[in-house]
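For the sequence shown, my numbering assigns the number 43 to the initial residue and increments by one for each residue that follows.
One structure is given here, and the rest of the page talks about it.
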Amino acid sequence: MSTAQHKIGSGFGATSTADDVLQGIDLTGKLALVTGGYSGIGLETTRSLVKAGAHVVVPARRPATAEQALAGIPGVELDELDLGDLESVRGFAERFLASGRTIDIVIDSAGIMACPETRVGPGWEAQFATNHLGHFALVNRLWPAIAPGGARVVSVSSRGHHLSGIRWDDVHWRQGYDKWEAYGQAKTANVLFAVQLDKLGRDAGVRAFALHPGGIITPLQRHVPKEEMIERGWIDEDGNVLDPEGFKTPQQGAATQVWAATSPQLDGLGGVYLEDCDIAEPAPEGEERLGVMDWAIDPEQAARLWELSAQLTGVNAFAA
């Protein structure tokens, strides 16, 4: 399979921050929507975009928590959204569309990781439903507002996509649930979503990207028991963060998604997976941490997942 997955030499890297990649970029008059924009790397993303002049809409499952986290940051607008509830997604999208505004940047940053087996909606596995299907429905419902001729949609995946491709025979893990493999499938879905959205949207000038933000200790780890984080070498017995794999700060973790959303270096590009503020290379055989797996950028699987997601959610902005 030929691929556009090759570094372009951006000049940024693993230690670059969101503020670094926004140097010299003026987002005055731009509207960005950032799911999860009140916690972890999403919060740092919101702060940096606002600092560069953008107005940022933050849909939140926990509005009171979001209001507290975003207090003192100007240019931020809150609304309620639960990605695990398609009626909530529909309600948010309808409220936004009624405002008559256009969206220049969408960053799908919200997500859950390695949770106990949980069912939402009509019995869907929660990680696939929240991380992928909720964002799929959201972007498709908001499509009339996503500005043609320059908007970008950024799908936040992770190196967790190495853990599993799409389990086509059992996407909702009704048999043999494994919290980490289920997370991996959801993160693969995030990449495939960007691949197909870019294909469908590029004629309108809308480009899509997926990315691994890096390893960062944030509230995303809320479902991982302390004992497991100690065993994985993430923290010590006292809860101090260790650094076996080069953990990033939240500001560094936000950098790649902000770069994806704003960098002129990506003009004319799309449908690729990024890491450390550059386009990622294909993952070498046996590699579990770096690069992108073939199954996550396969255009046939991307189209297949799009059709499945449209069937499940009942939403498809590109239906013939």
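Backbone N, C-alpha and C define an ideal beta-carbon position, used for all residues, glycine too.
The structure displayed is predicted, hence computed values, not measured ones.
Please state whether DSSP places residue i in a helix, a strand or coil.
{"i": "E122", "result": "strand"}
{"i": "T172", "result": "helix"}
{"i": "D309", "result": "coil"}
{"i": "D61", "result": "helix"}
{"i": "I115", "result": "coil"}
{"i": "V148", "result": "strand"}
{"i": "I188", "result": "strand"}
{"i": "V357", "result": "coil"}
{"i": "T88", "result": "helix"}
{"i": "W215", "result": "coil"}
{"i": "K49", "result": "coil"}
{"i": "R209", "result": "coil"}
{"i": "R143", "result": "coil"}
{"i": "K290", "result": "coil"}
{"i": "I258", "result": "coil"}
{"i": "F54", "result": "coil"}
{"i": "S351", "result": "helix"}
{"i": "S44", "result": "coil"}
{"i": "D245", "result": "helix"}
{"i": "S81", "result": "coil"}
{"i": "G202", "result": "helix"}
{"i": "G66", "result": "coil"}
From the DSSP secondary-structure annotation, give me the bridge partner or partners of residue i.
{"i": "W166", "result": "V162"}
{"i": "A102", "result": "E122"}
{"i": "F251", "result": "V196, V314"}
{"i": "L334", "result": "The sequence shown places Val at residue 334, rather than the Leu named in the question. BP columns for V334 point to P324."}
{"i": "H97", "result": "L73"}
Would you check if the distance between the CB atom of residue i and the CB atom of residue j is smaller than 9 angstroms?
{"i": "D340", "j": "V237", "result": "yes"}
{"i": "D240", "j": "S52", "result": "no"}
{"i": "L371", "j": "A302", "result": "This structure gives no information on residue 371, because the portion of the chain shown stretches from 43 to 362."}
{"i": "L128", "j": "P101", "result": "no"}
{"i": "G66", "j": "G95", "result": "no"}
{"i": "F170", "j": "A250", "result": "no"}
{"i": "G153", "j": "G192", "result": "no"}
{"i": "V196", "j": "D150", "result": "yes"}
{"i": "L332", "j": "R201", "result": "yes"}
{"i": "A74", "j": "Q293", "result": "no"}
{"i": "A187", "j": "L139", "result": "yes"}
{"i": "T57", "j": "K221", "result": "no"}
{"i": "V118", "j": "T88", "result": "yes"}
{"i": "G312", "j": "R209", "result": "no"}
{"i": "A231", "j": "E167", "result": "no"}
Tell me whether residue i is buried or exposed, calling it buried when 16 or more other Cβ atoms sit within 10 Å of its Cβ.
{"i": "T107", "result": "exposed"}
{"i": "G82", "result": "buried"}
{"i": "E317", "result": "buried"}
{"i": "R143", "result": "exposed"}
{"i": "H203", "result": "buried"}
{"i": "K49", "result": "exposed"}
{"i": "A361", "result": "exposed"}
{"i": "R104", "result": "exposed"}
{"i": "S351", "result": "buried"}
{"i": "F343", "result": "At residue 343 the sequence reads Gln, which differs from the Phe that was named. Its Cβ being crowded by 16 or more others within 10 Å, Q343 is buried."}
{"i": "E327", "result": "exposed"}
{"i": "R194", "result": "buried"}
{"i": "P116", "result": "exposed"}
{"i": "A46", "result": "exposed"}
Would you call the stretch 208-219 and the stretch 180-200 touching, i.e. three or more CB-CB distances under 8 angstroms?
no
I want to know whether the stretch 94-114 touches the stretch 154-164 - three or more CB-CB distances under 8 angstroms.
no
Is there contact between the stretch 75-93 and the stretch 293-300, where contact requires at least three CB pairs shorter than 8 angstroms?
yes
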